[in-house]
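Trainee:
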Amino acid sequence: MNLRQVLREEILFFDGAMGTMLQQAGLAMGELPEIWNLDRPDVIRRIHERYFAAGSRIVTANTFGAHAPKLGERLAPAVQAGVSIAREAANAAGEGHFVALDIGPCGKLLEPLGTTSFEEAYEIFAQTVRAGTADGLCDLVLIETMGDLYEMKAAVLSVKENCDLPVFCTMTFDENRKTLTGADISAAVALLEGLGADCIGINCGLGPRQAQGIVEELCTLASVPILVQPNAGMPVFRDGKTVYDVTPEEFAACLASFARRGVRALGGCCGTTPAHIAAAVDACRGIAPVPVSEKGRTVVSSYARGVVIGERPVVIGERINPTGKKKLRQALLENDLSLPLREAAAQQDCGADLLDVNVGVPGLDERTLLPRIVRELQSVTDLPLQIDSADADALGAAMRIYNGCPMVNSVNGKRETMEAVFPLVKKYGGAVVGLCLDENGIPDTPEGRLRVARRIVETAQEYGIARKNIVIDALTLTVSADQREAFRTLDALSLIKRELGVKTILGVSNVSFGLPRRDAVNATFLTLALRAGLDACIINPCAEQLMSAWRTYRVLSGSDENAVEYISACAGERQPEAVLAQSSDLTSLYEIVVRGMRELAVDAAKRALAEKSPLEVVETILIPALDAVGQGYESGKLFLPQLIMSAETVQKAFGVIKEHLTAQDGEASHGRVILATVKGDIHDIGKNIVKVLLENYGFTVLDLGRDVPIETIVETAKRERIRMVGLSALMTTTVESMRQTIQALHEAGLTGCCIVAGGAVLTREYAARIGADFYAGDAMETVRIAKRLFEEGTL
Amino acid sequence: MQLDRAQALRYLGYGAAAPDARTDALLDECERELKTLSTARTVHRVYSDVYITEESSTIGGVIFRSRDLAGTLAGCSRAVILCATLGSQADRMRLRCGQTDLSKAAVMDAAQSACIEQICDRFCERFRGSDEADGLSLTARYSPGYGDFLITDQPKLLALADATRRIGLTCSDSYMLLPQKSVTAVIGLTAGEPRCGDRCSACENYATCRYRRQIG
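So the sequences go chain by chain: A and B. All residue numbers for the first sequence refer to the working numbering, where the first residue is 2 and numbers rise by one. All residue numbers for the second sequence refer to the working numbering, where the first residue is 151 and numbers rise by one.
Here's what the structure looks like:
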């Protein structure tokens, strides 16, 4: 009997808790349940039999916690035994009874919040999947109790890439309808449907009553069958024990209501027993399965939320794109991501719904940079990203590690682009932008562009990509070249929307290329395009005129109900930090640095440059001011936040001064320093403070980041001929990692390279003991050491 | 919950000194943001099979080799394992600051540390006098990293409270708690006089530490 077919026709029952039953049978605290597959298989089999007898159609093998880090060499035997036992019980129960390989969380928090990479998590799950499916005894894989969508993605891919079995996926939500790592239901549904799960839903965390709201939302959003496995209530403390106190009758009544609402697979988690399952099966007898309907939603998602395209116009921030942006291009070439990250934050603050990210610069290796910048962006923003590249390999690498379902920019009418990109969209989910051009160029009639769009939609279908996930770009060309272009695009947009029923997108800024006051032209074009049916616009959200056009259009179209958002946007003024500044106009740059008045730095620097040369400003104002602050800090008159604010003020002033420094002003850098938080450690505030201060004092910092592998530090030091390496560690356990790093640096023969160790857990003695040349108690001490090494040559 | 600003300032190295206007403003901002935090959670388990010697404590069959922990638990008939976390939302708050505003990141870090300690304090207040406490007195809470209670014992505490499943608290290979703003602790329950008092006074770095708790 085919499981997928049964799922289409019936309401399927899973089993109840395994852990509860094992504890009753004597499983001790800390004992690994999966070991009982080897040591006490009879107990396991008996539990499966009891659930089949109660009416379960699917039992989950006793493999929930079976991961290599916990089980080591016993992984394969324990998993294979677990699956065999379940299979025996299923065969004994007769036809129409199924076995699921059960996969739970791997116990490690994934990056950027944890130290386990996506690939490492994938490998852990893949080992379990291979062990469990090798003998062909499972009918499906259940991935459950996941609190992190990123971990879920790694697990789903590991199943899809290592076997052909149906995959059922359930997340755990709390009373706020969020997962542990902050994802909402919309993000979960978008990701799981995008990855091609056969059945999705919720398990654990809540009792049946508490789960009602979530079930309702799931039924509204999901286009695939839903699985719900609640606990037998919320845990209560009674008579010295923690118990789940929802009775089988109460449990069954709730599950029956879920079935009537449209849930197609049901079961129980913590605290449930065969009695709960039997009662539920009984209560659901005679309930007709509700057909699963396609909801037609176009959703892109991040780790936390889904953004729907088509309900209201969506703003995509265009600023992370090096085209025409010299500073950004320079930053990318220097491998410095702080500028794009700041742009991301700024665009989010201005109201962007999505962020475009493009790093196509000649000379840059997009295949490594694109995934890297996607990863970094996702650590500072919860907005979904539009991954923008002409390099399919770079796209694929970035889409794989992307946390959520991205918007992909782009394919066009040329067959090769579709052949390269559609398989990626099919595998990783998300929506894809289709450009209305092909090997013949850009059609100069709306009908011509419609033809290309139609070809894209039809080809997408061949790859199994639904129309709802195609977003067509009718292409904006500049009116400077041909004034008919604007209305041509708008007509094409309306035509495509009407004829194909797809979502639409435009890069608005192109229309005004070559004209003055581009924002004004763009704003009018945007308004017209919105009226013509535009669903998503790629604009600069920090351009007030554009956002104003967007907001006011939404008032006029009724999209902004009662103009609530518009009114609130008008009322909410951003509090400028200058609220704290007194006589702002006349304060000297020196004062401004000493007082850490970051927001005044740029203006004060410009004023200072009017009177002194750039080098003089640095040497007679900035450095002495920093020295004064540093002394104040070390003597306990000033404190850490003030030190940092002064350093940030100098950083901002430098931004202006650098533009005026020329080659004649001498060596730009006083020396190059590597900074890194060692492997296994992700504390980095201290290191980042050191970085800013060193840069303030004219040193160039190669910041390798945190949790840095030993080899990376050694290779970079060798390659760049580095004379000073600063290492940071904040735990007794990672000091050992520092010791190993230092040893590796010595063994690599890097004579002339001075190693400075820092971090709250270290002392001067300990630093010496692990082989460091110097101990730096704080950022100022690090600066002094750098000065002595590079400037005075004395150490 | 109102943020304990004095504790946040202590984590920033202020001791008893008053903050300047800008730091104060940053603390305001951080306090506002922390009020939106919805992922803070605690989980605890009370164990009655507790066996204490001079050198070790055995709780729920798990052995902790620490004289200092044993000293705190001397005379206790039960032990509470407490695990608490601000959750990953707090880590994300810090990551976001880290890129764009380093001084705010430093203040946020300190504010979050104060926050998680307050959550633990509040747990202890509520537990005291609850049915579970059964009329017994609570010792001060003792965590890995204090004295000779090594952080390599973190996984044991997580397992005893089933913290990974219940509140998503994990431990990296280098024994760092993740999400980062988290606490695991042992609290003794005794019918006699409990070992309480200032946690700092028992620490070997007491003389030189910049972040020492002020008495009173």
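Even glycine gets a Cβ: it sits at the ideal position worked out from N, Cα and C. On a predicted model such as this, the values are computed, not experimentally measured, just so you know.
Within the continuous beta strand (DSSP E) that includes Ile301 (chain B), where are the two ends?
Mentor: Neither: Ile301 (chain B) is in no beta strand (DSSP E) and is coded neither H nor E.
Trainee: Counting only Cβ pairs nearer than 7 Å, list the residues of chain A close to Val333 (chain B).
Mentor: Result: empty, since nearest Cβ-Cβ is about 15 Å, beyond 7 Å.
Trainee: Under 7 Å, Cβ to Cβ, is there at least one residue of chain A near Gln268 (chain B)?
Mentor: It does not; no Cβ of chain A falls within 7 Å.
Trainee: Where Gln546 (chain A) and Gly573 (chain A) are concerned, what is the direct C-alpha to C-alpha distance, given to the nearest angstrom?
Mentor: Computed Cα separation, rounded: 17 Å.
Trainee: Would you mind telling me which residues of chain B sit closer than 7 Å to Asp389 (chain A), beta carbon to beta carbon, in chain order?
Mentor: None at all; the shortest Cβ gap to chain B is about 21 Å.
Trainee: Going straight from the alpha carbon of Ser294 (chain A) to that of Val229 (chain A), what length do you get?
Mentor: About 18 Å.
Trainee: By the 9 Å beta-carbon criterion, what residues does the region 288–305 of chain B contribute toward chain A?
Mentor: Hits within the stretch, in order: Gly295, Leu300, Ile301 and Thr302.
Trainee: Suppose contacts are defined by Cβ-Cβ distances below 7 Å. Is Lys427 (chain A) in contact with Ile466 (chain A) by that definition?
Mentor: Yes. Within cutoff.
Trainee: For the region 56–64 of chain A and the region 96–106 of chain A, state whether three or more C-beta atom pairs, one from each stretch, are separated by less than 8 Å.
Mentor: With a cut-off of 8 Å, the region 96–106 of chain A and the region 56–64 of chain A count as touching, because enough Cβ pairs lie within range.
Trainee: Just the C-alpha distance for Ile756 (chain A) and Arg707 (chain A), rounded to the nearest angstrom, thanks.
Mentor: Spanning the two alpha carbons is a distance of roughly 17 Å.
Trainee: Got a sec, what are the start and stop residues for the beta strand (DSSP E) Phe214 (chain B) sits in?
Mentor: First-last of the beta strand (DSSP E) with Phe214 (chain B): Val212 to Phe214.
Trainee: On a Cα-Cα basis, can you pick out the residue from A:Gly361, A:Ser380, A:Val375 and A:Gly508 that is closest to Val434 (chain A)?
Mentor: Minimum Cα distance to Val434 (chain A) is reached at A:Gly508.
Trainee: Just to confirm my understanding: we take Leu790 (chain A), look at its own chain, exclude 5 residues before and 5 after, and list those with CB closer than 8 Å. What are they?
Mentor: Only Gly672, Arg724, Met725, Cys755 and Leu796 meet the Cβ criterion.
Trainee: Could you list which residues in chain A have their beta carbon closer than 8 Å to that of Pro344 (chain B), in chain order?
Mentor: Result: empty, since nearest Cβ-Cβ is about 21 Å, beyond 8 Å.
Trainee: Which residues, in order along the region 95–113 of chain A, keep a beta-carbon less than 8 Å from a beta-carbon of chain B?
Mentor: Here the close residues are Pro106, Gly108, Lys109, Leu110 and Pro113.
Trainee: Which residues share a DSSP beta bridge with Val308 (chain A)?
Mentor: Val308 (chain A) pairs with A:Val301.
Trainee: Per DSSP, Ala353 (chain A) is paired with what?
Mentor: None, per the DSSP bridge assignment.
Trainee: Give me the Cβ distance between Ile714 (chain A) and Ile675 (chain A), rounded to the nearest whole Å; I'm assuming they're in contact under 8 Å.
Mentor: That pair is a contact at about 7 Å.
Trainee: Is any beta-carbon of chain A found at less than 7 Å from that of Val200 (chain B)?
Mentor: Cβ-Cβ to chain A under 7 Å: no for Val200 (chain B).
Trainee: Could you give the distance in angstroms between the alpha-carbon of Glu420 (chain A) and the alpha-carbon of Glu660 (chain A)?
Mentor: Answer to the nearest angstrom: the Cα atoms are 45 Å apart.
Trainee: For Thr387 (chain A), which residues does DSSP report across the bridge?
Mentor: Note on identity: in this sequence residue 387 (chain A) is Gln, with Thr being the wrong assignment. Looking at the DSSP assignment, Gln387 (chain A) forms a beta bridge with A:Asp357 and A:Met408.
Trainee: Secondary structure at Glu660 (chain A), three-state DSSP: helix, strand or coil?
Mentor: Reduced to three states, the DSSP call for Glu660 (chain A) is coil.
Trainee: Expressed to the nearest angstrom, what Euclidean distance is found between the alpha-carbon atoms of Gly297 (chain B) and Asp218 (chain B)?
Mentor: Answer to the nearest angstrom: the Cα atoms are 6 Å apart.
Trainee: With distances taken Cα to Cα, identify the nearest neighbour of Ser159 (chain A) among A:Val142, A:Met19 and A:Thr146.
Mentor: Checking every option, the nearest Cα to that of Ser159 (chain A) belongs to A:Val142.
Trainee: With a cut-off of 7 Å, does the C-beta of Met22 (chain A) fall near any C-beta of chain B?
Mentor: Not closer than 7 Å to any Cβ of chain B, the Cβ of Met22 (chain A) fails to qualify, so no.
Trainee: What number of angstroms, rounded off, separates the C-alpha of Pro577 (chain A) from the C-alpha of Leu176 (chain B)?
Mentor: Because Pro577 (chain A) carries a pLDDT of 47, less than 50, the predicted location of this residue cannot be relied on, and the following value inherits that uncertainty. Roughly 13 Å separates the two Cα atoms.
Trainee: Can you check whether the C-beta of Asn173 (chain B) is within less than 7 Å of a C-beta belonging to chain A?
Mentor: It should be pointed out that residue 173 (chain B) corresponds to Thr in this sequence rather than to Asn. With 7 Å as the cut-off, Thr173 (chain B) counts as an interface residue toward chain A.
Trainee: Any chance you could list the beta strand (DSSP E) runs of at least 3 consecutive residues sitting entirely within the region 238–286 of chain A, in chain order?
Mentor: As far as the region 238–286 of chain A is concerned, its whole beta strand (DSSP E) runs of at least 3 residues are 242–245.
Trainee: What are the residues of the region 213–246 of chain B that lie near chain A, defined by any Cβ-Cβ distance shorter than 9 Å?
Mentor: Listed in sequence order: Gly237, Ser238, Gln239, Asp241, Arg242, Arg244, Leu245 and Arg246.
Trainee: How about Ile645 (chain A): is its C-beta nearer than 7 Å to some C-beta of chain B?
Mentor: By this cut-off, Ile645 (chain A) is an interface position.
Trainee: With a cut-off of 7 Å, does the C-beta of Phe640 (chain A) fall near any C-beta of chain B?
Mentor: Yes, because at least one Cβ of chain B sits closer than 7 Å to the Cβ of Phe640 (chain A).
Trainee: Could you check where the alpha helix (DSSP H) with Gly83 (chain A) kicks off and where it finishes?
Mentor: Leu76 to Ala94 is the extent of the alpha helix (DSSP H) around Gly83 (chain A).
Trainee: So the beta strand (DSSP E) Leu703 (chain A) belongs to, where does it begin and stop?
Mentor: Run containing Leu703 (chain A): Thr701 to Asp704, per the beta strand (DSSP E) assignment.
Trainee: Against chain B, with Cβ distances strictly below 7 Å, would Val130 (chain A) count as a contact?
Mentor: No, Val130 (chain A) lies away from the interface with chain B (no Cβ there is under 7 Å from its Cβ).
Trainee: Taking 7 Å as the threshold (beta carbon to beta carbon), is Val257 (chain B) in contact with chain A?
Mentor: With 7 Å as the cut-off, Val257 (chain B) counts as an interface residue toward chain A.
Trainee: By Cβ distance below 6 Å, which residues in the same chain neighbour Tyr591 (chain A) in space, the five residues on each side in sequence not counted?
Mentor: Ile622 and Ala626.
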